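Taken in sequence, the protein lines are chains P and B.
Residue numbering for the first sequence follows our numbering, starting at 1 and increasing by one per position.
Residue numbering for the second sequence follows our numbering, starting at 230 and increasing by one per position.
From the three backbone atoms N, C-alpha and C, an ideal C-beta is built for every residue, glycine too.
Computed from a predicted model, the values in this text were never measured in an experiment.
Since the structure comes first, as C-alpha cells, the remarks are kept for the end.
Number of protein chains: 2
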Amino acid sequence: MESRCENCIVRQFNALRAMNKEELKKVSDSKVYRKIKKGETIFEEGEKLDGVFCVRDGVSKLSKLSANGKDQIVKLASKGEVIGQRTVIAEESTNLSAVAVSDMEVCFIPKEVISNTLNTNPNFAVEVLRHMAHDLKEADDVIVNMSQKTVKQRMAEAFLYLKKNYGEDEAGFLNLTLSREDYANVVGTATESCIRIISEFKKKGFIKTSGKQIGVADERKLQDLVEGF
Amino acid sequence: MESRCENCIVRQFNALRAMNKEELKKVSDSKVYRKIKKGETIFEEGEKLDGVFCVRDGVSKLSKLSANGKDQIVKLASKGEVIGQRTVIAEESTNLSAVAVSDMEVCFIPKEVISNTLNTNPNFAVEVLRHMAHDLKEADDVIVNMSQKTVKQRMAEAFLYLKKNYGEDEAGFLNLTLSREDYANVVGTATESCIRIISEFKKKGFIKTSGKQIGVADERKLQDLVEGF
DNA sequence: GTTAAAACATGATAATTATCAGGTTTTGTT
DNA sequence: AACAAAACCTGATAATTATCATGTTTTAAC
C-alpha cells in the first residue's frame, strides 16, 4: 500500500520530519516503494548504495561477515529507521549487509535528494546528526557489553531488548521471532552455545519457548542476571 | 602556547574547517586553552558537558566503566579530534569518560557556539556528520572484532593500529606508550592475559619491549595473526 | 635516598566458551 | 505424502580466557 511521504506516520520517528513541504514532495516523488520478504537481502557488504531505505514495516538485521564465515549482527533496524544513511553520508561502500528478518515494507530514497536537503536545510542536517549521535552511543554500549559481559548476560539482555522494543503477543511471546542462529549472531557467540543457554533459561523459568517462539517469563530474574547477580 | 583558531593547523583535521571566518572568530574568542597532564581526567561518565574539546596535542582515552569495576576503552582521540561532540549534539550527559594518556593541550569550545553554527551553516553540519559517520563505522568494526577475533588477534591489531596512527621513534618503539592495563582495556581482556600475550609476542619476535615501551618488530607476522594464520 | 604504591610479571587453577560429532525436529519443496 | 534441507538440540571435549596468588620491578612522594 503506497502513499505520500507527507502523510506517512513513520516519518515522525526519523530525521525526515525535519524536512519542509517542498523537500518532502521531492522525496515522495522520487521514492520507490518495495516489499521485501523475510530472508531477502536489501544490500550486501561492500556494495555502493544509491540511496537510503526508510523502513515502513518489518525488521532488518545489519550485519558484518568475518573471515571465518561468521556473521555479527550490529543492529536491528525497524519501523521508522533509515538504513544506509551512514554510507550515503560518508560516500563510501557499505560496511554492513542488510537482510530482512521479517517481511518488510521499505521506501528507497535516492541519495541526491538526501544530500541536497542536507546541504541546504540545517534543521534536517542537525536532525540526522542527532540520530547518528544516538546510534553511536548505542554502538559504544554494545562494545562495552561485548567485552565486559558474559554470553549468558548478553543473551538475557537480548531477550529484554526484544521485549522492550518489539513487544509481545497475547500469549506472552516476543513479537519478533529470531532464529537461534540470529540470536547467536546478535550476542556474538556460537549457535550451539546460544541454544544451550536458551535451554538453561527455559529450565530455570526465565523464558518460555514454543517452537521458534520465545517469551520472557521472568523479567526480574533476567534483569538480575544482566546486572551480575 | 595559545593562538587564534584561524591559524590553527589542527583545525584542518576536523569539522571546524567548514566554518567561515566569522564563525571561527566566535570560536576563537570564546575558546579556553588548557593543558592537561597525563593521567588527568577531562570529564567523567555521566557529567553534563558545556562544550567540546578540540585536541591540539596529546592523546585521550574515551572509556566506560562497568559494574564489575572494569574500564573499556572505546576510542583513543588525538590531535585534531573533537571530544564531546556526540554528547553536545544529543544534549545528553556523556556516556564516556575522557582521561589523558599523554600530556595534552586542548581548547574548550562552549556548546552554544557549536550549536549555533550547526543550525545556521549546513556545510559545518554536514562536515560534523561525516566525522560522526566515520566514528560510527569504526565503532561497528570494533564490535565485530570484539566478537569474532581472539584476544591475541586483538592485541596484534592494537599494536599495528598504534604504529599506523601514532608512528614510532628512531629506535622503533611506538610513539604512544600505553600501560599494560590500558592495552588490556582497549582490547577488552584481563590485565594478566594482556601481559602474558605481550611476553609471548616478545618471545616470538613479533614485538620488542624496553620497560613500558613497545615496538613492532615483525609487522608481517602480526598482520598474519590478525588475519587468522 | 627511602619507602609505599603502582605497575609489571608468571604460575596454577578454574571458569567460560568453542568445536566436533551425533542426533531429532521442523520446514519447505516436489 | 515423501524427501531433502535447514534448524534445532545435546553430549563430550578442547581451547581460550579469567581469576587468584605471589613475587619482582618501576615509579612517585616525602
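Quick one: list the residues of chain B neighbouring Asp135 (chain P), beta-carbon separation under 7 Å, in chain order.
The count along the first sequence starts at 1 and reaches residue 135 (chain P) at position 135. Leu365, listed in chain order.
Taking only three categories from DSSP, how would you classify Met104 (chain P)?
Working through the first sequence from its first residue, we reach residue 104 (chain P) at position 104. Residue state, collapsed to three classes: strand.
If we call anything under 8 Å between Cβ atoms a contact, is Gly228 (chain P) one with Ala296 (chain B)?
Along the first sequence, read from residue 1 onward, the residue named residue 228 (chain P) stands at position 228. Along the second sequence, read from residue 1 onward, the residue named residue 296 (chain B) stands at position 67. Yes.
By DSSP, does Lys21 (chain P) sit in helix, in strand, or in coil?
Taking the first sequence and counting its residues from 1, one reaches residue 21 (chain P) at position 21. In the structure shown, Lys21 (chain P) sits in a helix (DSSP, three-state: H, G or I).
Once DSSP output is grouped into helix, strand and coil, what is the label at Ser408 (chain B)?
As a working mapping, residue 408 (chain B) is identified with position 179 in the second sequence. Reduced to three states, the DSSP call for Ser408 (chain B) is coil.
Compute the Euclidean distance between the alpha carbons of Ala125 (chain P) and Val355 (chain B), then round it to the nearest angstrom.
One-based indexing of the first sequence puts residue 125 (chain P) at position 125. One-based indexing of the second sequence puts residue 355 (chain B) at position 126. If you take the alpha carbons of Ala125 (chain P) and Val355 (chain B), they lie about 6 Å apart.
For Val126 (chain P), return the contacting residues in chain B, with the cut-off set at a CB-CB distance below 7 Å.
Translated into the one-based positions of the first sequence, residue 126 (chain P) becomes position 126. Neighbours of Val126 (chain P) on chain B, chain order: Leu347, Asn348, Ala354.
On the CB-based measure, 16 or more other CB atoms within 10 Å of its CB, does Ile238 (chain B) come out buried or exposed?
Here residue 238 (chain B) refers to the residue found at position 9 when the second sequence is read from its first residue. Exposed, because fewer than 16 other Cβ atoms sit within 10 Å of the Cβ of Ile238 (chain B).
Which whole-angstrom value is the C-beta distance of Ser331 (chain B) and Lys277 (chain B), which I expect to be below 8 Å?
By one-based count along the second sequence, residue 331 (chain B) stands at place 102. By one-based count along the second sequence, residue 277 (chain B) stands at place 48. The pair is not a contact, with the Cβ atoms about 26 Å apart (cut-off 8 Å).
Name the residue from P:Val82, P:Ile42, P:Ser78 whose alpha carbon lies nearest to the alpha carbon of Ala15 (chain P).
Numbered from 1 along the first sequence, position 15 holds the residue referred to as residue 15 (chain P). Nearest C-alpha to Ala15 (chain P): P:Val82.
In chain B, what lies closer than 8 Å to Asn20 (chain P) by C-beta?
Position 20 of the first sequence holds residue 20 (chain P). Result: empty, since nearest Cβ-Cβ is about 14 Å, beyond 8 Å.
I'd like to know if Glu276 (chain B) contacts chain P, where contact means its C-beta is closer than 8 Å to some C-beta of that chain.
The count along the second sequence starts at 1 and reaches residue 276 (chain B) at position 47. No - not a single Cβ of chain P is within 8 Å of the one on Glu276 (chain B).
Taking C-alpha atoms, which residue in B:Asn394, B:Asn345, B:Ser289, B:Gln377 lies nearest to Asn249 (chain B)?
For the purposes of this step, residue 249 (chain B) is taken as the residue at position 20 of the second sequence. Minimum Cα distance to Asn249 (chain B) is reached at B:Asn345.
Less than 8 Å between CB atoms is the rule here; does Pro351 (chain B) satisfy it with respect to chain P?
Looking up residue 351 (chain B) in the second sequence gives position 122. Cβ-Cβ to chain P under 8 Å: yes for Pro351 (chain B).
For Val55 (chain P), collect the residues of the same chain with a Cβ closer than 7 Å to its Cβ; drop the 5 residues on either side in sequence, then sort them by chain order.
Along the first sequence, read from residue 1 onward, the residue named residue 55 (chain P) stands at position 55. Once the five neighbours on either side are set aside, the close Cβ partners of Val55 (chain P) are Ala77, Ser78, Lys79, Gly80, Glu81, Ile83, Met104, Val106.
Which residues of the segment 314 to 325 of chain B have a Cβ closer than 7 Å to any Cβ of chain P? Give them in chain order.
Flagged, chain order: Arg315, Ile318, Ala319, Asn324, Leu325.
Determine whether the beta carbon atoms of Leu160 (chain P) and Val216 (chain P) lie at a separation below 8 Å.
The sequence position of residue 160 (chain P) within the first sequence is 160, counting from 1. The sequence position of residue 216 (chain P) within the first sequence is 216, counting from 1. Cβ distance < 8 Å, so Leu160 (chain P) and Val216 (chain P) count as in contact.
Within 8 Å of any Cβ in chain B, is that where the Cβ of Leu70 (chain P) sits?
As a first step, residue 70 (chain P) is located in the first sequence; it is residue number 70 there, counting from the start. According to the sequence as given, residue 70 (chain P) is Lys; it is not Leu. Yes - at least one Cβ of chain B is within 8 Å of the one on Lys70 (chain P).
Would you identify the three-state DSSP class for Thr418 (chain B), choosing helix, strand or coil?
Taking the first residue of the second sequence as position 1, residue 418 (chain B) is located at position 189. Reduced to three states, the DSSP call for Thr418 (chain B) is coil.
Helix, strand or coil for Glu45 (chain P)? Go by DSSP, reduced to three states.
Your numbering for residue 45 (chain P) matches position 45 in the first sequence. Coil.
Cβ closer than 7 Å: which chain B residues qualify as neighbours of Glu227 (chain P)?
The residue labelled residue 227 (chain P) in the question sits at position 227 within the first sequence. Correct list: Ala296.
When Cβ atoms are compared, which residues of the segment 144 to 163 of chain P fall closer than 7 Å to chain B?
For the segment 144 to 163 of chain P, which is checked against every Cβ of chain B, the residues closer than 7 Å are Val144, Met146, Ser147, Gln148.
Would you mind stating whether Pro339 (chain B) and Pro122 (chain P) have Cβ atoms separated by less than 8 Å?
Mapped onto the second sequence, residue 339 (chain B) falls at position 110. Mapped onto the first sequence, residue 122 (chain P) falls at position 122. Cβ distance not < 8 Å, so Pro339 (chain B) and Pro122 (chain P) don't count as in contact.
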